[in-house]
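The structure appears below as structure tokens.
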Amino acid sequence: MDNERLAELLFPHIKELPEDVEARFPQRTLPEGAKVTRIAPSPTGFMHFGTLFPARICERLAHQSGGVFYLRIEDTDAKREVAGAEKDLIETLAYYRIEFDEGVTVDGEKGDYGPYRQRQRARIYQTYAKQLVREGKAYPVFSTEEELESLAASDKKTEIKERDWHTDLAEDEKQKIKEKRNFTLEDVEKNLKEGNKFVLRILSDGDPEKKTFFTDLIKGKLEVPENDEDFVLLKSDGIPTYHFAHAIDDHLMGTTHVVRGEEWLSSLPKHIMLFRYLGFKMPKYMHIAQLMKLEGNSKKKLSKRDKGAAVSDYRRAGYPPVSVNEYVMTLLNSNFEEWRSQNPDKDYTEFPFSIKKMSTSGALFDFDKLNDVSKNAISRMTSDEVYDGVTDWAKENDPELAALLTRDPGYAKKIFAIGRGGKKPRKDFAVWADVRPYVSFFYDETFERTDPYPEKMPKEDVKAFLSDFVEAYDVNDDASAWFEKVKEISEKYGYTGDMKAYRQSPESYKGSVGDTSGALRVALTGRTNSPDLYEIMKIMGKERSLGRIEAAISEL
Ligand code: GLU
Numbered sequence: 031m032d033n034e035r036l037a038e039l040l041f042p043h044i045k046e047l048p049e050d051v052e053a054r055f056p057q058r059t060l061p062e063g064a065k066v067t068r069i070a071p072s073p074t075g076f077m078h079f080g081t082l083f084p085a086r087i088c089e090r091l092a093h094q095s096g097g098v099f100y101l102r103i104e105d106t107d108a109k110r111e112v113a114g115a116e117k118d119l120i121e122t123l124a125y126y127r128i129e130f131d132e133g134v135t136v137d138g139e140k141g142d143y144g145p146y147r148q149r150q151r152a153r154i155y156q157t158y159a160k161q162l163v164r165e166g167k168a169y170p171v172f173s174t175e176e177e178l179e180s181l182a183a184s185d186k187k188t189e190i191k192e193r194d195w196h197t198d199l200a201e202d203e204k205q206k207i208k209e210k211r212n213f214t215l216e217d218v219e220k221n222l223k224e225g226n227k228f229v230l231r232i233l234s235d236g237d238p239e240k241k242t243f244f245t246d247l248i249k250g251k252l253e254v255p256e257n258d259e260d261f262v263l264l265k266s267d268g269i270p271t272y273h274f275a276h277a278i279d280d281h282l283m284g285t286t287h288v289v290r291g292e293e294w295l296s297s298l299p300k301h302i303m304l305f306r307y308l309g310f311k312m313p314k315y316m317h318i319a320q321l322m323k324l325e326g327n328s329k330k331k332l333s334k335r336d337k338g339a340a341v342s343d344y345r346r347a348g349y350p351p352v353s354v355n356e357y358v359m360t361l362l363n364s365n366f367e368e369w370r371s372q373n374p375d376k377d378y379t380e381f382p383f384s385i386k387k388m389s390t391s392g393a394l395f396d397f398d399k400l401n402d403v404s405k406n407a408i409s410r411m412t413s414d415e416v417y418d419g420v421t422d423w424a425k426e427n428d429p430e431l432a433a434l435l436t437r438d439p440g441y442a443k444k445i446f447a448i449g450r451g452g453k454k455p456r457k458d459f460a461v462w463a464d465v466r467p468y469v470s471f472f473y474d475e476t477f478e479r480t481d482p483y484p485e486k487m488p489k490e491d492v493k494a495f496l497s498d499f500v501e502a503y504d505v506n507d508d509a510s511a512w513f514e515k516v517k518e519i520s521e522k523y524g525y526t527g528d529m530k531a532y533r534q535s536p537e538s539y540k541g542s543v544g545d546t547s548g549a550l551r552v553a554l555t556g557r558t559n560s561p562d563l564y565e566i567m568k569i570m571g572k573e574r575s576l577g578r579i580e581a582a583i584s585e586l
């Protein structure tokens with residue numbers, strides 16, 4: 031076969047040679063050891079929580095080493111594309127502070143190795159495709175429309191299905207494809223004249239009995255059989271399959287580390303063959319296990335339909351991005367939590383992320399753990415940060431709360447400052463949705479008296495105590511003077527201020543200052559549990575506090 035002629039027939043519009051392309055994608059000049067990583071999502075649906083894992087790994091690997099991290103959009107499968115998915119992806123990644131140096135970003139494409147959307151790189155792939163044809167390493171298979179349809183279906187199956195790599199296509203299917211290797215240039219000319227389309231297949235020289243060793247940075251040393259399938263490189267519309275685009279793009283864009291889901295392990299023999307045929311050096315690979323969830327006692331994959339699968343759920347539920355990021359870090363590196371407790375003031379990006387500390391099996395997704403991590407993360411924020419986080423969230427999800435908080439930002443920030451800072455900060459919020467019930471009593475519009483007064487106190491005592499308290503309250507009292515007054519009034523009605531004495535002989539008293547301050551708490555906040563009363567009153571101010579208590583008295 032005259033391969034040169036075949037290449038011309040198939041790709042008459044391609045005038046460039048691979049070396050011309052290579053000249054436009056020079057090797058990157060980066061410091062020694064710098065890693066170039068990417069994520070390469072397909073805009074085929076909502077963003078899965080699992081996407082944050084490779085994204086964060088890649089981001090850390092690149093930025094910890096002074097390298098480059100970029101976003102490539104793998105839009106080769108137009109049929110599966112979902113409108114708006116790309117925009118959603120880009121915005122969601124930005125929201126989670128997954129910051130790209132290059133590629134498709136919120137501000138458009140940037141970088142010298144573009145275009146970063148694969149459909150726009152069609153000619154680049156075709157240049158290499160033409161070269162493979164010239165070298166007798168690829169061949170066309172012409173089909174009628176109908177045949178193409180079924181081919182596309184089986185190709186999709188091969189690409190997406192998770193399975194063992196030994197079972198790509200059935201033996202007889204592989205053989206059937208190989209029979210198509212026999213054709214003449216005349217057949218090709220005739221097909222082209224009739225307007226028939228072709229897919230370009232690799233001409234595999236592999237023998238599956240032969241195994242090669244391959245080292246995956248997470249899975250370790252793997253034995254991989256050679257590929258013996260004449261898989262598709264270019265589809266009939268001239269757009270590449272994932273395999274072909276992966277080899278060419280990661281080569282041209284200088285990727286040093288490919289981090290991707292372990293469902294791609296089965297395609298590794300194909301990729302090894304492709305890099306060899308194209309004369310490219312392979313990047314290093316990390317195949318990461320799918321996220322798991324616990325169902326009963328067994329581990330199951332976190333599927334698309336599970337709670338927590340869609341990244342957007344976290345935003346809606348009110349997890350701040352930092353909480354999700356911290357949680358991802360705890361799942362990625364087993365020593366992150368220890369580091370976190372030793373370095374409470376550092377940003378998680380200062381943690382020395384290490385591939386070696388990653389688990390080889392799937393991380394277990396757990397909402398309780400996420401909530402715990404989130405409470406800690408929020409407890410480390412300043413009250414301004416809490417205010418900004420919760421108002422942003424509330425504007426989209428709880429407009430009434432947003433209106434209350436933004437009406438008087440200073441007031442709201444004082445509320446959020448309660449118990450903040452110091453060695454043992456309060457941990458009231460796991461999600462921003464927890465803020466409303468926590469702050470509701472600070473606002474007359476949302477205040478509700480939900481809890482009863484202490485059982486030990488008859489109504490008259492509550493009334494009398496509260497009335498005296500209103501009389502005695504002085505905004506200038508400090509915390510201890512304030513409490514002395516509370517105790518004094520308590521004593522007057524037979525409720526001791528001496529807790530020790532009370533514990534020793536409770537029968538000698540009507541009750542204790544625990545009961546009276548409990549009554550004050552219910553009058554003021556409507557609940558039996560709240561932060562420090564003195565502090566609450568300081569924030570609410572004299573008028574609002576005493577007004578609240580007076581209203582309580584008149585309701586009694
Ligand atoms: N487009 C592929 C996917 O979404 C990317 C895999 C890779 O990172 O190479 O699974």
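The numbering used here numbers the first residue of the sequence shown as 31 and each following residue consecutively. All C-beta atoms in this analysis are idealised placements derived from N, C-alpha and C, irrespective of residue type, glycine included.
1) Please classify P351: does DSSP put it in a helix, a strand, or coil?
2) How would you label P374, buried or exposed, when you count the other beta carbons within 10 angstroms and need 16 or more for buried?
3) Less than 8 Å between the C-beta atoms of L101 and P73, yes or no?
4) Among F366, D137, L496, which has the Cα closest to the Cα of K387?
5) What residue does the beta strand (DSSP E) around E253 start on, and which one ends it?
6) Excluding five sequence neighbours on each side, which residues of the same chain lie with their C-beta closer than 6 Å to the C-beta of R58?
7) Answer yes or no: the CB of G30 versus the heavy atoms of the ligand GLU, is any distance below 7 Å?
8) Classify K191: buried if its beta carbon has 16 or more other beta carbons within 10 angstroms, exposed otherwise.
9) For Y169, which residues does DSSP report across the bridge?
10) Please report the straight-line C-alpha distance between S266 and G419, rounded to a whole angstrom.
11) Tell me the rounded alpha-carbon separation between T214 and K241.
12) Beta-carbon within less than 6 Å of L434's beta-carbon, same chain only, minus the 5 sequence neighbours each way: which residues are those?
13) Regarding A70 and the ligand GLU, is the C-beta to nearest heavy atom distance less than 7 Å?
14) Taking three-plus beta-carbon pairs below 8 Å as touching, is the segment 301–319 in contact with the segment 245–252?
15) At a cut-off of 7 Å, would you count Y146 as near the ligand NAP, judging by its Cβ distance to the nearest heavy atom?
16) When DSSP labels each residue in this structure, what does M411 get in the three-state scheme?
17) Does the distance from the C-beta atom of F305 to that of A277 stay below 8 Å?
18) Flag this pair as yes or no: are the beta carbons of F228 and P170 separated by less than 8 Å?
19) Thinking C-alpha only, which one of L264, G80, H78 is nearest R153?
20) Can you tell me which of R551, L39, G133, G63 puts its alpha carbon nearest to the alpha carbon of A159?
21) Do the segment 405–417 and the segment 89–98 touch if we need at least three Cβ pairs shorter than 8 Å?
22) Would a C-beta distance cut-off of 8 Å place S234 and E259 closer than the cut-off?
23) Using three-state DSSP, classify L431 as helix, strand or coil.
24) Tell me whether V112 counts as near the ligand GLU, meaning its Cβ is closer than 7 Å to at least one heavy atom of that ligand.
25) Are the Cβ atoms of A168 and L230 separated by less than 8 Å?
26) When you measure from the CB of Y143 to every non-hydrogen atom of the ligand GLU, does any distance come out below 7 Å?
27) Who are the near neighbours of A582 in its chain, counting only those whose CB is closer than 6 Å to its CB and skipping five residues on each side?
28) Per DSSP, what kind of secondary structure is W195 in: helix, strand or coil?
29) Taking contact to mean at least 3 C-beta pairs separated by less than 8 Å, is the segment 42–58 in contact with the segment 68–86?
30) So, for H301: in the same chain, excluding its five sequence neighbours on each side, which residues have a beta-carbon less than 8 Å away from its beta-carbon?
31) Is any heavy atom of the ligand GLU found at a distance shorter than 7 Å from the C-beta of V341?
32) Give the DSSP bridge partners of Y525, in chain order.
33) Does R54 pass the burial test, meaning 16 or more other C-beta atoms within 10 Å, or should it be called exposed?
34) Round the Cβ separation of T135 and M77 to the nearest angstrom and send it over; I've been treating them as touching at under 8 Å.
35) Just to confirm my understanding: we take E111, look at its own chain, exclude 5 residues before and 5 after, and list those with CB closer than 7 Å. What are they?
36) Which residues in the same chain as G544 place their Cβ atom closer than 6 Å to its Cβ, once the five residues preceding and following it in sequence are excluded?
By the coordinates alone:
1) helix
2) exposed
3) no
4) F366
5) 250–255
6) G284
7) Beyond the ends of the chain as shown, which are 31 and 586, falls residue 30; an answer cannot be given.
8) Interpretation of K191 is limited by its pLDDT of 41, a score under 50 that renders its predicted location unreliable; the figure taken from the coordinates is listed afterwards. So K191 ends up on the exposed side.
9) R231
10) 49 Å
11) 33 Å
12) Y473
13) Result yes, Cβ under 7 Å from the ligand GLU.
14) yes
15) The ligand NAP is not among the ligands present in this structure, which contains only the ligand GLU.
16) coil
17) yes
18) yes
19) L264
20) L39
21) The way I'd put it, the segment 405–417 doesn't touch the segment 89–98; fewer than three beta-carbon pairs between them come closer than 8 Å.
22) yes
23) helix
24) no
25) yes
26) no
27) A553
28) The predicted position of W195 is uncertain, since its pLDDT is 37 and thus under 50; a value taken from the coordinates is nonetheless stated next. It is helical.
29) no
30) H273, H276, A277, M312
31) no
32) G541
33) exposed
34) 16 Å between Cβ atoms; not a contact.
35) P73, T74, D105
36) none
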